[in-house]
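Line by line, the protein sequences give chains A and B. Be aware that the first sequence starts at 1, since it is given in UniProt numbering, and climbs by one per residue. Be aware that the second sequence starts at 1, since it is given in UniProt numbering, and climbs by one per residue. Where a beta carbon is used, it is the ideal one built from N, C-alpha and C, also for glycine.
Protein chains: 2
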Amino acid sequence: MARAGLTTDRLVAAAADLADEVGFDHVTLSALARRFGVKDASLYSHVRNLQDLRTRLALLAGGEMIDRIAAAVAGRAGKDALVAFADAYREYALAHPGRYAATQIRIDQDLVADSPALLRTAEITYGMLRAYDLEEPDLTDAVRLLRATFHGYCALEAAGAFGAPRDVQASWDRAIDALHVALEHWPHPVGADRHWA
Amino acid sequence: MARAGLTTDRLVAAAADLADEVGFDHVTLSALARRFGVKDASLYSHVRNLQDLRTRLALLAGGEMIDRIAAAVAGRAGKDALVAFADAYREYALAHPGRYAATQIRIDQDLVADSPALLRTAEITYGMLRAYDLEEPDLTDAVRLLRATFHGYCALEAAGAFGAPRDVQASWDRAIDALHVALEHWPHPVGADRHWA
DNA sequence: TTGCGGACCTAGGGGTATTAGGTTACTGCC
DNA sequence: GGCAGTAACCTAATACCCCTAGGTCCGCAA
Chain A
1 MARAGLTTDR LVAAAADLAD EVGFDHVTLS ALARRFGVKD ASLYSHVRNL QDLRTRLALL
61 AGGEMIDRIA AAVAGRAGKD ALVAFADAYR EYALAHPGRY AATQIRIDQD LVADSPALLR
121 TAEITYGMLR AYDLEEPDLT DAVRLLRATF HGYCALEAAG AFGAPRDVQA SWDRAIDALH
181 VALEHWPHPV GADRHWA
Chain B
1 MARAGLTTDR LVAAAADLAD EVGFDHVTLS ALARRFGVKD ASLYSHVRNL QDLRTRLALL
61 AGGEMIDRIA AAVAGRAGKD ALVAFADAYR EYALAHPGRY AATQIRIDQD LVADSPALLR
121 TAEITYGMLR AYDLEEPDLT DAVRLLRATF HGYCALEAAG AFGAPRDVQA SWDRAIDALH
181 VALEHWPHPV GADRHWA
């Protein structure tokens, strides 16, 4: 009987494609097995269980995404870098909705520590902000704001939540402009121990 | 045999509680039936199917949420209103994670049109922005930015994505400050037909 | 050539969604 | 108070899905 030639990597890659086609939470071991012409139970030799598959898919997608972002940001600084980062982020999220959804799942902290992708993401994000000359904790606050906005925007757009006729790409460009403004005029906390001459 | 006294409303309310307890996508007809001491099939007299239940839950949660936000924003304007809106939004999302998740599902457009909650949300959101003196399409762009940031922030926070030791509440306050700044210095599109003296 | 690891299978148990077709409790009307 | 109709709830059955236990047999290496 001809073997399907399953490996963990092929399984995860196929799961990623499946996710983009039918949505992350319709990625099922049965569907994956069907795709390989194999019984469900056969997958358990290569993947511990469904959660394991999802975790691997998340790590794959996270790595792919940060690679694209890194390439886009390379050699840029300031607003250029911000725009490149944001556009690469959104492009990936829209082109690969299933993979992108995978990156949003909660992952076991032990596995996260092993993954270099997360570290790279932090590096690149903080690097992109260097030009704005922020210091901690403002830096962390700014990173959180950017992550939240990027993610929220892509999630809402992918969910079809932007119904108004206004072009979404144009809105997005303006949102990034606005974030750039916010970063340049980063507010000082009210009641902070800053004294003006 | 004593009847459980099911109604659509009681079912949806119980589903909402269940969602907050176990997460929106663990809300199952079986679990709901168990909670009422009833067989799964019995629920189909009150709810068309799982999707119908989810949709009703989403509309319930959306209504609850905008009520809280409206109460918080009432009588405020400018930055005060922005902060009240944002805080009420986040408070609801964190206090009712399952209900909040329900508000993010894609809903049949026909049902959306029937729901007054969505209309009210738009009203209140645009009202809150009145003080910033924006005109279309800037207004729509600003609304999208705010929605995206609020949602992204709450989604990431609820998912435990903010690992840094920095206090999340403080970060949130600064993010709202930053959005206020962005709204006050709303950027004009590059290459726009504005001429400076 | 033979032995062994691993790729894949059969069988089966448990959970969930959904439909079809009962039965029985309640409600209103005479 | 009896009765009919409505609707609340049930049993039974199908179809997926996740996962475990325990084979079988292919292909590579000694």
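Verify whether the separation of the beta carbon atoms of residue i and residue j is less than 8 Å.
i                        : j                        : result
glycine 23 of chain B    : glycine 98 of chain B    : yes
alanine 178 of chain B   : alanine 182 of chain A   : yes
alanine 70 of chain B    : arginine 120 of chain B  : yes
threonine 149 of chain B : leucine 145 of chain A   : yes
arginine 174 of chain B  : aspartate 141 of chain A : yes
valine 143 of chain A    : threonine 125 of chain A : yes
isoleucine 25 of chain A : alanine 33 of chain A    : Sequence check: residue 25 of chain A is aspartate here, not isoleucine. For aspartate 25 of chain A and alanine 33 of chain A, no; Cβs fall outside 8 Å.
histidine 151 of chain A : glycine 75 of chain B    : no
With a threshold of 8 Å on Cβ separation, who are the neighbours of residue i within its own chain once the five nearest residues in sequence on each side are excluded?
i                       : result
leucine 156 of chain B  : Phe162
leucine 6 of chain A    : Phe36, Val38, Ser42, Leu43, Ser45 and His46
valine 27 of chain A    : Ala15, Leu18, Ala19, Leu53, Arg54, Leu57 and Gly98
valine 168 of chain A   : Glu157 and Phe162
arginine 147 of chain B : Thr125
cysteine 154 of chain A : Tyr89, Arg90, Ala93, Leu94 and Tyr100
Using only the alpha-carbon positions, how far apart do residue i and residue j sit?
i                           : j                         : result
tyrosine 89 of chain B      : glutamate 21 of chain B   : 19 Å
phenylalanine 36 of chain B : alanine 4 of chain B      : 7 Å
arginine 194 of chain B     : serine 115 of chain A     : Here the model assigns arginine 194 of chain B a pLDDT of 45, short of 50, so the residue's position is not dependable and the matter cannot be decided.
tryptophan 186 of chain B   : alanine 95 of chain B     : 32 Å
alanine 84 of chain A       : valine 73 of chain A      : 6 Å
leucine 50 of chain B       : glutamate 136 of chain B  : 39 Å
arginine 10 of chain A      : serine 30 of chain A      : 15 Å
aspartate 138 of chain B    : arginine 166 of chain B   : 33 Å
valine 190 of chain A       : valine 12 of chain B      : 43 Å
isoleucine 107 of chain A   : arginine 48 of chain A    : 15 Å
tryptophan 172 of chain B   : alanine 170 of chain A    : 26 Å
glutamine 109 of chain A    : isoleucine 176 of chain A : 31 Å
alanine 122 of chain B      : alanine 86 of chain A     : 26 Å
alanine 164 of chain A      : alanine 164 of chain B    : 36 Å
Beta-carbon within less than 6 Å of residue i's beta-carbon, same chain only, minus the 5 sequence neighbours each way: which residues are those?
i                      : result
lysine 79 of chain A   : His180
alanine 197 of chain A : The predicted position of alanine 197 of chain A is uncertain, since its pLDDT is 45 and thus under 50; a value taken from the coordinates is nonetheless stated next. Here the set comprises nothing.
arginine 68 of chain A : Ala88 and Tyr92
alanine 61 of chain B  : Arg99, Ala102 and Thr103
alanine 81 of chain A  : Val73 and Met128
Can you list, in chain order, the residues of its chain whose CB lies under 7 Å from that of residue i, leaving out five sequence neighbours each side?
i                         : result
isoleucine 105 of chain A : Arg54 and Ala58
glycine 63 of chain B     : Ala117
methionine 65 of chain A  : Tyr92 and Thr103
glutamate 184 of chain A  : Tyr132
At a CB-CB cut-off below 7 Å, which residues of chain A make contact with residue i?
i                      : result
proline 97 of chain B  : Those do not exist, as proline 97 of chain B stays about 12 Å from chain A at its closest Cβ, beyond 7 Å.
alanine 178 of chain B : Leu145, Ala182, Trp186 and Pro187
Residues of chain B with CB closer than 7 Å to the CB of residue i, please, in chain order.
i                       : result
glutamine 51 of chain A : Under the 7 Å cutoff, chain B gives no residues; its nearest Cβ is about 14 Å from glutamine 51 of chain A.
Could you name the residues of chain B that residue i contacts, counting a contact when the two beta carbons are closer than 8 Å?
i                        : result
threonine 140 of chain A : Ala164, Arg166 and Ser171
Just to make sure I have the definition right: I need the residues of chain A whose C-beta is within less than 8 Å of the C-beta of residue i. Which are they?
i                      : result
glycine 160 of chain B : Arg106
alanine 175 of chain B : Asp141, Arg144, Leu145 and Ala148
(message) At a CB distance below 9 Å, what residues from the region 114-130 of chain A approach chain B? Give them in sequence order.
(response) Correct list: empty, as no residue qualifies.
(message) Beta carbons nearer than 9 Å to chain A: which residues of the region 143-157 of chain B have them?
(response) Residues Val143, Arg144, Leu145, Arg147, Ala148, Thr149, Phe150, His151, Gly152, Tyr153, Cys154, Ala155, Leu156 and Glu157.
(message) What are the residues in the region 21-37 of chain B lying within 8 Å of chain A by C-beta distance?
(response) Within the region 21-37 of chain B, those residues whose Cβ lies closer than 8 Å to any Cβ of chain A are, in chain order, Asp25.
(request) Using a Cβ-Cβ cut-off of less than 8 Å, list which residues of the region 67-88 of chain A approach chain B; keep chain order. (result) The region 67-88 of chain A vs chain B, Cβ under 8 Å: nothing.
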